[in-house]
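In numbering that gives the first Met the number 0, the protein residues as written are 0 to 503.
Just so you know, even glycine gets a beta-carbon here, dropped at the ideal spot from N, CA and C.
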Amino acid sequence: MVLTHVQELDEASAAVFASRYVQDPLPRYELGEKSISKDAAYQIIHDELLLDSSPRLNLASFVTTWMEPECDKLMLEAINKNYADMDEYPNRCVNIIARLFNAPVDAGEKAVGVGTVGSSEAIMLAGLAFKRRWQNRRKAAGKPYDKPNIVTGANVQVCWEKFARYFEVELKEVKLREGCYVMDPDEAVRMVDENTICVAAILGSTLTGEFEDVRRVNDLLAAKNKRTGWDTPIHVDAASGGFIAPFLYPELEWDFRLPLVKSINVSGHKYGLVYAGVGWVIWRNKEDLPEDLIFHINYLGADQPTFTLNFSKGTTRSRLPHWSSQIIAQYYQFLRLGFEGYRNVMENCMESTRTLREGLERMGRFTIISKEQGVPLVAFTFKDRKDAPLAFRLSSELRRFGWIVPAYTMPADLEHMAVLRVVVREDFGRPLAERFLSHVRMALGELDDAAKGGPVPRMRVTIELGPAAKGSSEEATARVVKREAVVAVHRSVSLTGGKTKGVC
Ligand SMILES: *Cc1c(COP(=O)(O)O)cnc(C)c1O
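Right, here's the structure in full:
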């Protein structure tokens, strides 16, 4: 019997922590028969959520885990808004981003783009636009239009594979090789044929954070287009790098400055600095978004063009309330931070990345495979090839300290490489970076001990961090203040197989 005596409890006893509610079994997969009090419902769910690891210590994800309290407040104020003229804020954001990416829009002109729930939806829409444009051109020329393909690197994020399967486009992947973990532009352009709807370049490879050379893809492809008479365009998947490059590397040409770049996606919830649930896709010109993909609805009074996969979110007066608050949060960040603020945040992230990188290098066991220019993350492997399986063990050892660090094998042809990746977000400052390094050192020590002499007793060690010793390197000193034996509890998380590999 489940929670049967709710009504009989008086207010006072219902509010007592550890009341009968938390003792009785709960309905999980069916609707309970009776109501329970709001305090009990809150407490029960709150308690279960405590078991989730702290999002701040999750170094696997690019997704924003901290925003200013003022913005949290605005989001709460907007959370129940499903009746607001919400066109205004997405429009402002689209225009801000298009100009940041150097789209050819004049001062008074409106940029072309839409807000989405993330880069995955943005990529589906951009891919559809390319497919439709290519089909229209082929039809007009009386040529077959049933075998479209996209050329990418094998390092693409899983959403491209989804697009390919859902919308029946072949994905032609340029293989990676030892020492080159991104799409080789020469090889990519060689693979382009008359059925290629676009080449997709990544600004910030999910696996290593490295920027692909979009400038070279553009130049090689322009030459090939001239030779063949084709009109193959480029899409840039700037999910993570789109809010890094404009601030840290303004000279780097990767965006609409390159004539063949026709659309770009970016995740607002990654380095756009908004909580999960917002992405953007921007087109160079109106002509790059075929009119027949846009629906016009007018039952809300005025003509309302819509091109999204998610209906409720896309209409003026019935947007998902949740999404409204993400859009408001995005606009808050643009307004509040400005160019200067974004640049400061990105510089800080880079600084923490350097601390991590140098600390890991000093341990002498790892090869860093991420580049200094790119998304602020450190991707590394064990130097010694035979240590590769240790990557997965190190990942689970670090979980005991609360850190989530994914370990994954690389795609086709480099599967022997097991990589660990630490993503640096705004809220991962130097003190956390230093603690993380000391935990890696401890975890490595334990792995080495285990390798030497069978199972070692598990200990819980409490350490206290002190200031760095005078004149020494910049890391803090650690002092062990308590050791206690613990019974090991392991949660195993499958991190291999498929393209997801526990990273996003
Ligand atoms: C994260 C990521 C995606 C998917 O973005 P979401 O916003 O999570 O949907 C696509 N491509 C790249 C390169 C990414 O890093």
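Cβ-based burial, residue 78 [other Cβ within 10 Å; buried from 16] | exposed
In its own chain, which residues sit with a C-beta less than 8 Å from the C-beta of residue 257, not counting the 5 before and 5 after it?
-> 213, 214, 217 and 233
Contained alpha helix (DSSP H) runs [length at least 4] in the stretch 42 to 93, N- to C-terminal order | 68 to 77
The beta strand (DSSP E) spanning residue 419 covers which residue range?
-> 417 to 422
In angstroms with no decimal places, state the Cα-to-Cα distance between residue 251 and residue 244.
-> 7 Å
Any 3 or more C-beta pairs closer than 8 Å across the stretch 261 to 281 and the stretch 332 to 347 = yes
Residue 205 Cβ short of 6 Å to ligand 1 heavy atom set | yes
How long is the line joining the alpha carbons of residue 177 and residue 140, rounded to whole angstroms?
-> 42 Å
Residue 156: CB within 6 Å of a non-hydrogen atom of ligand 1 = yes
Assigned exposure category for residue 433 - 16 Cβ within 10 Å defines buried | buried
Let me know the secondary structure DSSP gives residue 515 once reduced to three states.
-> This structure cannot settle anything about residue 515, because the visible part of the chain is limited to 0 through 503.
How long is the line joining the alpha carbons of residue 439 and residue 397, rounded to whole angstroms?
-> 7 Å
Would residue 316 be called buried (16 or more neighbouring beta carbons within 10 Å of its own) or exposed?
-> Unreliable placement is indicated for residue 316, whose pLDDT of 41 sits below 50; the coordinate value is still reported in the next sentence. Result: exposed.
Name the one or two DSSP bridge partners that residue 176 has.
-> 179
Within the present structure, is the beta-carbon of residue 201 separated from the nearest heavy atom of ligand 1 by less than 6 Å?
-> yes
C-alpha distance - residue 207 paired with residue 52, whole-angstrom precision = 24 Å
Would you tell me roughly how many angstroms separate the C-alpha atoms of residue 413 and residue 179, rounded to the nearest one?
-> 10 Å
Ligand 1 heavy atom lying under 6 Å from the CB of residue 119 = yes
Under three-state DSSP, which class holds residue 171?
-> strand
First and last residue of the uninterrupted beta strand (DSSP E) at residue 115 | 111 to 115
Helix or strand or just coil, what does DSSP make of residue 408?
-> strand
Closest residue to residue 261 among 249, 445, 280 and 61 (Cα-Cα distance) = 280
Which one of 365, 155 and 189 has the shortest CA to CA distance from residue 203?
-> 155
Quick one: using the 10 Å Cβ neighbour count with 16 as the cut-off for buried, is residue 28 buried or exposed?
-> exposed
Determine the contact status of residue 201 and residue 186, defining contact as a CB-CB distance below 7 Å.
-> no
Is the beta carbon of residue 288 less than 7 Å from the beta carbon of residue 128?
-> yes
Are the stretch 39 to 50 and the stretch 403 to 412 touching, with three or more C-beta to C-beta distances below 8 Å?
-> no
Alpha carbon of residue 537 to alpha carbon of residue 75, nearest angstrom = Coverage of the chain is limited to positions 0 through 503, which leaves residue 537 absent and any answer about it impossible.
To the nearest angstrom, how far is it from the Cα of residue 88 to the Cα of residue 184?
-> 37 Å
Could you tell me if the beta carbon of residue 278 falls within a distance shorter than 6 Å of some heavy atom in ligand 1?
-> yes
Heavy atom of ligand 1 less than 6 Å from the Cβ of residue 394, yes or no?
-> no
Say whether chain C places a C-beta atom closer than 7 Å to the C-beta of residue 363.
-> Absence of chain C from the displayed structure is noted, only one protein chain being present.
What do you reckon, is the C-beta of residue 236 under 6 Å from a heavy atom of ligand 1?
-> yes
Reducing DSSP to helix, strand and coil, say where residue 238 ends up.
-> coil
Examine ligand 1 and report whether any of its heavy atoms sits within less than 6 Å of the Cβ of residue 239.
-> yes
Residue 570 - containing beta strand (DSSP E), residue span | Here the chain comprises residues numbered 0 to 503, so residue 570 is not present and cannot be evaluated.
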